[in-house]
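Here is the structure we will look at.
Residue numbers (my numbering): 345 to 1413.
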């Protein structure tokens, strides 16, 4: 539960005890000034210091959050409207637990001050502002360590800034955003004020769904002295605050040595046990020993408890753990031993005497009196009370050995009615176990292992183990073991007390298990890490641009960087990457080339390393970083990127002739432009108002979401007005600020009726069919401001449910199918997604507007990849709103904030009928072409190289084929089987049915002849000076066709789907 402070005044927590955010008590709101800083002024809208009475006291209080259920919610109306403000506070993160992102302070749909935990770049601070459409953020350059750090941020309507320890680290300028004006138009506006009526949350971010806040990104560690002021603090002021408070926070949480920590735990356990409410009885116990055999994960623990008495007694009561399963009780009187109970013997006796009836019964030890009765033992009984006054016999308590007992754990008493001066009891307790959580990323192996048990007794020197991946071990990656104790993470891999070993459990020669000893502990957490980190910060670079890989190393070793899996280094094509530099921080490192790899001997760097290359080719590239025995990998997927300017584009599609159709929201029009950005026509005069979504049907008609007029406008293929449908309202056939539009294979129209939180379906003339959605909300059948919409090949409907930060999938009948996506910036998360498109394989592309990127998903919504980040470059975005996939699977985006239309070209082509006649195509490797009778009569096939042509029986008998110098051969029935026709370069073709499959015809030039069945009987086929020959149905499937001098080939529907077309001189197709 949260601590809920309801005061709207400045809040100051004065508790002198450790504040646990799961408490149900509220923080007392007072007007006490925060100390020790003298810089806190009266303009504070929020002031939280968790220890104000004496900042120099020994046991000072901070807000301690465990990263699971701890946070504080504060109702503070004075922060609902913010135009300028400063946030300041101290943090000490604990990276061993908590979320992937740690939220320090936040206000839903207003601001977030946070830091990265397990997402890249790790351990940096981030301040984000929401302008109503998208989030804008600024990140620190420094990484935050697990120590007290002062962090501050400011917002003034123009810039957001972030300060670490009183020094300015980074600034981000706030771009104009898009808003709906009072007359319903979308206009650009400056972000000078942010609004939100949600609560402030300390230690988490709240996202409201269906009226209920969902907490995420919870902080793990300590927070103190959080303040929010409605004024701007400059760097000098923030540095002064930091300097004044530095000594105080440096004195908190002084680290103890490993020996001090272990001794402290033993002492605390002993102290806690000695404070038991059970009063020890004055006894004649002279010695009480409790020892265990080797303790190992997953195996019951065997104990032997020995009690020696000063003299003989007629009976004794012994305290045991409640979970003890007694296996043997033995007494001794004057060296005469008597076994009162032995589980193995009793099991054998009962099994023999009751074999037929209990042949499958397994007799173990005794837990309670029912077991004693069943085993027919007369001089033993078990009691649950630990009150010594209830027993006439001597009681031997476990507090005689306090280092073995856990506080507040249950026990039981075994009463032994037998004369003895010594007693030995053997028993078992439950096996210890491990709880494992995987936190690995593509660049870092990270697994937490909690060693635990549920027994009353302390388990010591527990043999623990955990598997490690053989594939990483075989690559030379080494692993370290860290012990998390008292908010400190210690590397104990080489500590002899933990005796870390690496085991090959299956004897295949590869280590697959880490084994270690847990010392004097009850429950402890460990972390297994690989000791090299490769941070791939630019996964989708532009061809011709740069790819930068950041990496960190520990110690000194040879660094070897190799291109692998087909990737090559070189200075020019056909190689993939051109190395530009290797750096440690800002310093360039000299290197040498050895067998195609980059080698730096005795590399050591205490800063972040950088490897930067120029990308020469499209597609995926792979690098291996080998540091000593450790290995890491970096990968990318490069695109050809081109763009042209378009003022504030929102929607994008293509016309039936392949030109772009763009909605210009601020010009109130649709424009038809070429791929170079030249405008063919626009719809000025068609009475559009703030148009957004756009789509084209099978006959070329253009459908536009006329958002400001609450209707759909229909234009012909030249942009002239045809008709419109819809009026303002919420009834059938009415709209309220519709923003998205899509058309299915039957020319039905789907509209994202944004203001009505629904989807409507219409015939191609606009007549209403039905509506989907039950109104505003976050339920499965509800929407929150849907914008983008698309329909796949099987008529499933995909909707960008913008306000809910997710994509909703509907069946062809409009019923709910599923959702994917949550709010955030991780894989599979979105921030105000607005555009959506589907490629030829039914993959989904989302314009993730608030995250300034495009994400790709399988048709079920599972995440595949993402590309783009905030910026103005061709590989960057600023609030992309529209995305469209052309039939070659090129990705086109409306980069709204950058006023551009961008084309992302993966460099691989599907050969289709829409190939431009002016493009140059080479089919290489195994790309086969079947040229059927449907080949257009004016199409040309120009071969070069080794293309074989079979001239079939369908050739008219009186036709002639003329070679260079006009020497013709009549193709008659009497033609000898060995006759040949020779073309330029003396390439011979046998013109009979026996034509060899390897025969070739070489042509050049640009004069074409179609040799089809419709060829007139008196036509001739002449190959003079570069005449071409049509390739008929008998062309071998493994033949290749290569065009030269820009001649085109019409590739029909029978072309295999895996054929590729490669451009010459990198010209895009």
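All C-beta atoms, glycine included, are put in the ideal place defined by N, C-alpha and C. Computed from a predicted structure; not experimentally measured.
**OP:** Using three-state DSSP, classify residue 844 as helix, strand or coil.
**Re:** coil
Subject >> Alpha-carbon to alpha-carbon, residue 446 and residue 818 >> reply: 34 angstroms
Subject >> Length of the line joining the Cα atoms of residue 1110 and residue 1070 >> reply: 8 angstroms
**OP:** Mind checking which residues open and close the beta strand (DSSP E) that includes residue 1069?
**Re:** 1065-1069
Original post:
Ends of the beta strand (DSSP E) at residue 981?
Top reply: 974-982
Original post:
Should residue 315 go down as buried or exposed, given a rule of 16 or more other Cβ atoms within 10 Å for buried?
Top reply: Here the chain comprises residues numbered 345 to 1413, so residue 315 is not present and cannot be evaluated.
Original post:
Exposed or buried, which one is residue 967 when buried takes at least 16 other CB atoms within 10 Å?
Top reply: buried
Subject >> Meets three-Cβ-pair contact criterion under 8 angstroms: the region 1044-1058 and the region 1075-1086 >> reply: yes
Original post:
Curious, which full-length beta strand (DSSP E) runs of at least 3 residues does the region 1155-1209 contain?
Top reply: 1160-1164, 1179-1182, 1188-1192, 1197-1201
Original post:
Three-state secondary structure (DSSP) at residue 960?
Top reply: coil
Original post:
For residue 462, which three-state DSSP category applies?
Top reply: coil
Original post:
Skipping 5 residues on each side, what residues in its chain have a beta carbon closer than 7 angstroms to that of residue 343?
Top reply: With the chain covering only 345 through 1413, there is no way to say anything about residue 343.
**OP:** Could you check the C-alpha separation between residue 873 and residue 642 for me, to the nearest Å?
**Re:** 23 angstroms
Original post:
Touch check for the region 629-642 and the region 707-727: three-plus C-beta pairs under 8 angstroms?
Top reply: no
Original post:
Distance, Cα to Cα, residue 974 vs residue 822?
Top reply: 6 angstroms
Original post:
Do you know whose CA, among 780, 803, 807, lies nearest residue 794's CA?
Top reply: 780
Original post:
What is the DSSP secondary structure of residue 422, counted as helix, strand or coil?
Top reply: helix
Original post:
Taking just the CA atoms, how far does residue 663 sit from residue 742?
Top reply: 6 angstroms
Original post:
So, is residue 1137 buried or exposed, given that buried needs 16 or more other C-beta atoms within 10 angstroms?
Top reply: exposed
**OP:** Give the secondary structure of residue 427 by DSSP, where H, G and I count as helix, E and B as strand, and everything else as coil.
**Re:** coil
Original post:
Can you check whether the CB of residue 770 is closer than 7 angstroms to the CB of residue 648?
Top reply: yes
**OP:** Excluding the 5 residues preceding and the 5 following residue 551 in the sequence, name in chain order all residues of the same chain whose CB lies nearer than 6 angstroms to its CB.
**Re:** 558, 1167
Subject >> Those residues which DSSP pairs with residue 499 across a bridge >> reply: 429, 504
Original post:
residue 542 and residue 420 look like a contact to me (Cβ under 8 angstroms); what is the Cβ gap, rounded to whole Å?
Top reply: Rounded, the Cβ-Cβ distance is 10 angstroms, inconsistent with contact.
Original post:
Is the beta carbon of residue 1203 sitting closer than 7 angstroms to the one on residue 1183?
Top reply: no
**OP:** Answer with buried or exposed for residue 843, where buried requires no fewer than 16 other C-beta atoms within 10 angstroms of its C-beta.
**Re:** exposed
Original post:
Considering only the beta carbon of each residue, do residue 956 and residue 925 sit closer than 7 angstroms?
Top reply: yes
**OP:** Provide the residue span of the beta strand (DSSP E) that contains residue 826, from first to last.
**Re:** 823-829
Subject >> Check whether residue 799 and residue 790 have beta carbons under 7 angstroms apart >> reply: no
**OP:** Thinking residue 840 and residue 644 are a contact (beta carbons under 8 angstroms), I'd like their distance in whole angstroms, please.
**Re:** Not quite, the Cβ-Cβ distance comes to about 28 angstroms (not below 8 angstroms), so this is no contact.
**OP:** May I ask which residues mark the beginning and end of the alpha helix (DSSP H) holding residue 714?
**Re:** 713-718
**OP:** Please classify residue 953: does DSSP put it in a helix, a strand, or coil?
**Re:** strand
Original post:
Rounded to a whole number of angstroms, what is the C-alpha to C-alpha distance between residue 1249 and residue 1198?
Top reply: 14 angstroms
Subject >> Inter-stretch contact (C-beta, 8 angstroms, three-pair minimum) for the region 562-577 and the region 430-441 >> reply: yes
Original post:
At what residues does the beta strand (DSSP E) containing residue 890 begin and finish?
Top reply: 890-896
**OP:** Verify whether the separation of the beta carbon atoms of residue 1134 and residue 1180 is less than 7 angstroms.
**Re:** yes
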